[in-house]
Amino acid sequence: MSFLPYAVAAWLFGIGIYGVATSRNLIHLVVCLTVVQSGTYVLLLAIGYVGAGKAPIFADIPSNSTVVDPVVQTLTLTDVVVEATVVALLLALAMQAHKRFGTLNPDDLGAMRS
Amino acid sequence: MALVVWGFTGLPDFGHYKGDYGRLLAKVAVPERKATDVVVSTTFDYRGFDTLGEEMILFTAVLGLVVLLRELRGEQEEEEEADDNKEGEAGREHRTSDALRIFGLGLVGPTVLLGVYIVTHGTLTPGGGFQGGVILATALLIVYLAGRYAAMRKVSPIPLLEAGEASGATAFALFGLGGLIIAGVYMKNFIDPGTKGSLLSGGFIPLLNIAVGLEVAGAFSLAFQEFLDQTILLRSPGGGE
Numbered sequence: 152m153s154f155l156p157y158a159v160a161a162w163l164f165g166i167g168i169y170g171v172a173t174s175r176n177l178i179h180l181v182v183c184l185t186v187v188q189s190g191t192y193v194l195l196l197a198i199g200y201v202g203a204g205k206a207p208i209f210a211d212i213p214s215n216s217t218v219v220d221p222v223v224q225t226l227t228l229t230d231v232v233v234e235a236t237v238v239a240l241l242l243a244l245a246m247q248a249h250k251r252f253g254t255l256n257p258d259d260l261g262a263m264r265s
Numbered sequence: 004m005a006l007v008v009w010g011f012t013g014l015p016d017f018g019h020y021k022g023d024y025g026r027l028l029a030k031v032a033v034p035e036r037k038a039t040d041v042v043v044s045t046t047f048d049y050r051g052f053d054t055l056g057e058e059m060i061l062f063t064a065v066l067g068l069v070v071l072l073r074e075l076r077g078e079q080e081e082e083e084e085a086d087d088n089k090e091g092e093a094g095r096e097h098r099t100s101d102a103l104r105i106f107g108l109g110l111v112g113p114t115v116l117l118g119v120y121i122v123t124h125g126t127l128t129p130g131g132g133f134q135g136g137v138i139l140a141t142a143l144l145i146v147y148l149a150g151r152y153a154a155m156r157k158v159s160p161i162p163l164l165e166a167g168e169a170s171g172a173t174a175f176a177l178f179g180l181g182g183l184i185i186a187g188v189y190m191k192n193f194i195d196p197g198t199k200g201s202l203l204s205g206g207f208i209p210l211l212n213i214a215v216g217l218e219v220a221g222a223f224s225l226a227f228q229e230f231l232d233q234t235i236l237l238r239s240p241g242g243g244e
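Protein chains in written order, with the numbering used here: chain H, 152 to 265; chain Y, 4 to 244.
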């Protein structure tokens with residue numbers, strides 16, 4: 152079952168993209184985007200996993216024990232921060248859109264602008 | 004779809020990752036920096052420059068959020084002054100029971116303590132500035148949930164939050180500059196790493212953690228407040244449900 156984590160990542164990515172493409176509400180769309188990004192977390196952490204490795208924190212394990220890759224964990228932290236900021240900004244934009252057009256449906260937004 | 008499958012076939016087998024960089028870091032980080040949490044020493048030291056960029060992303064995103072919502076506020080405050088009873092209604096809506104208020108205010112202290120603990124112990128155990136900063140920001144949300152919106156505004160004036168965010172970001176950049184001046188390389192760890200396992204181990208990593216914690220707490224509190232401003236104070240007659 153060594154491919155399972157990758158399958159989960161791919162599934163999260165796919166289902167998230169599907170949600171973004173078919174969304175009829177801007178808030179829902181932003182949440183779907185977070186699902187897509189969750190796929191990237193799973194992918195990153197799955198790549199960095201080393202068989203029987205522990206977390207790379209040597210507070211209470213011997214310093215020569217096998218650990219998982221710390222670099223991908225750092226990248227995942229960056230990923231989480233970026234996602235949080237992107238979501239905050241997109242929600243602000245959604246509020247602005249609701250204020251201007253009185254709707255959160257992306258289709259109606261397009262119709263009103265033209 | 005085929006592209007995705009093709010891409011996935013190129014990945015290493017699960018559990019058999021052979022990244023030299025990561026293995027090297029796992030081996031040298033503890034002897035070199037005396038910080039037991041390798042993830043944090045990677046984030047703040049070996050990849051410190053990337054984290055500086057990451058911090059700037061957070062900073063500018065919150066800045067953009069404030070600018071976006073502030074324009075909205077200007078528009079709506081005029082409308083609000085037109086009918087005064089709207090605010091009275093909002094005030095009544097957010098009055099909470101005594102039990103909830105006492106429970107919530109009792110939670111604020113432990114939450115702040117936990118946040119500070121996570122920030123300061125980032126070099127030793129899982130945690131760090133980003134995680135602890137978010138916990139600190141949630142303390143503000145507890146004040147809002149337990150008490151009234153006005154109380155939350157009182158304990159956290161927006162200028163203070165902005166100052167906290169900006170000084171955290173500036174401190175991070177200045178620590179990088181300190182590395183340039185003292186050790187000759189930007190973002191180089193220029194403080195003696197100390198002994199493994201002590202609170203002040205890792206050179207400037209704990210200080211960077213505090214800077215980041217300050218910035219993240221300020222940024223997220225600011226974001227929460229801006230969104231709450233929109234929904235509570237400025238409930239517009241047309242858009243409000």
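For each residue, glycine too, the CB sits at the ideal point set by N, CA and C. Predicted, not measured: the structure shown is a model, and the values here were computed from it.
- Straight-line spacing of the CA atoms in GLY216(Y) and THR126(Y) works out to 13 Å.
- Under DSSP, the beta-bridge partners assigned to ASP40(Y) are ILE208(H).
- Chain-order list of chain H residues neighbouring PHE17(Y): MET152, SER153, PHE154, LEU155, PRO156, TYR157, ALA197, ILE198, TYR200, GLY202, by C-beta distance under 9 Å.
- For the region 112-134 of chain Y, residues whose beta-carbon sits nearer than 9 Å to a beta-carbon of chain H comprise LEU127, THR128, PRO129, GLY131, PHE133, GLN134.
- Where TYR192(H) is concerned, the enclosing alpha helix (DSSP H) starts and stops at 177-198.
- Not flagged as an interface residue toward chain H: GLU165(Y), since no C-beta distance is shorter than 8 Å.
- Between LEU202(Y) and THR123(Y), the gap from beta carbon to beta carbon is short of 8 Å.
- Residues of chain H whose Cβ lies closer than 8 Å to the Cβ of ILE60(Y) are, in chain order, VAL232, VAL233, THR236.
- About 4 Å separates the beta carbons of GLY118(Y) and LEU139(Y), which is inside the 8 Å limit, making them a contact pair.
- The Cβ neighbour count for THR236(H), taken over all protein chains shown within 10 Å, is at least 16; the residue is labelled buried.
- Here LEU155(H) is exposed. Its C-beta has fewer than 16 other C-beta atoms within 10 Å.
- Setting aside the 5 residues that flank it on each side, GLY170(H) is surrounded in the same chain by CYS183, each with a C-beta closer than 6 Å to its C-beta; the list follows chain order.
- Three or more Cβ pairs closer than 8 Å define a contact, and the region 183-197 of chain Y meets that threshold against the region 33-41 of chain Y.
- DSSP places ARG251(H) in the uninterrupted alpha helix (DSSP H) bounded by 221-252.
- Taking 8 Å as the cut-off, the Cβ atoms of GLY25(Y) and VAL223(H) count as close.
- One thing to note: ALA166(Y) has its Cβ no nearer than 8 Å to the Cβ of GLU218(Y).
- In the structure shown, VAL188(Y) adopts coil according to DSSP, grouped into three states.
- Residue state for GLY167(H) is assigned as helix, using DSSP reduced to three classes.
- For THR12(Y), the uninterrupted alpha helix (DSSP H) segment begins and ends at 5-12.
- In the three-state reduction of the DSSP assignment, GLY181(Y) falls in the helix class.
- Counting C-beta pairs with one atom in each stretch, the region 216-232 of chain H and the region 52-67 of chain Y have three or more that are closer than 8 Å, which means they touch.
- Inclusion of GLY205(Y) and SER100(Y) in the CB contact set at 8 Å is not warranted, their separation being larger than that value.
- The DSSP assignment places complete alpha helix (DSSP H) segments of no fewer than 4 residues inside the region 96-126 of chain Y at 101-123, in order along the chain.
- Assigned with DSSP and collapsed to three states, GLY150(Y) falls in coil, not helix or strand.
- Selection ILE145(Y), TYR120(Y), ARG73(Y), GLY136(Y) evaluated against LEU108(Y) yields ILE145(Y) as nearest (Cα-Cα).
- In this structure, LEU68(Y) places its C-beta atom within 8 Å of the C-beta atom of ALA239(H).
- Burial state of PRO162(Y) is exposed, judged by a 10 Å Cβ sphere holding fewer than 16 other Cβ atoms.
- Residues of the region 7-33 of chain Y with a Cβ closer than 7 Å to any Cβ of chain H, in chain order: VAL7, PHE11, LEU14, PRO15, ASP16, PHE17, GLY18, HIS19, TYR20, GLY22, TYR24, GLY25, LEU28, ALA29, VAL33.
- Across the structure, LEU28(Y) and ALA206(H) are spaced so that their CA atoms are roughly 13 Å apart.
- It is roughly 12 Å from the alpha-carbon of LEU255(H) to the alpha-carbon of LEU241(H).
- Where VAL219(Y) is concerned, the enclosing alpha helix (DSSP H) starts and stops at 208-231.
- DSSP places GLY56(Y) within a helical segment (H, G or I) once states are collapsed to three.
- When rounded, the separation of the alpha-carbon atoms in THR141(Y) and GLY150(Y) is 14 Å.
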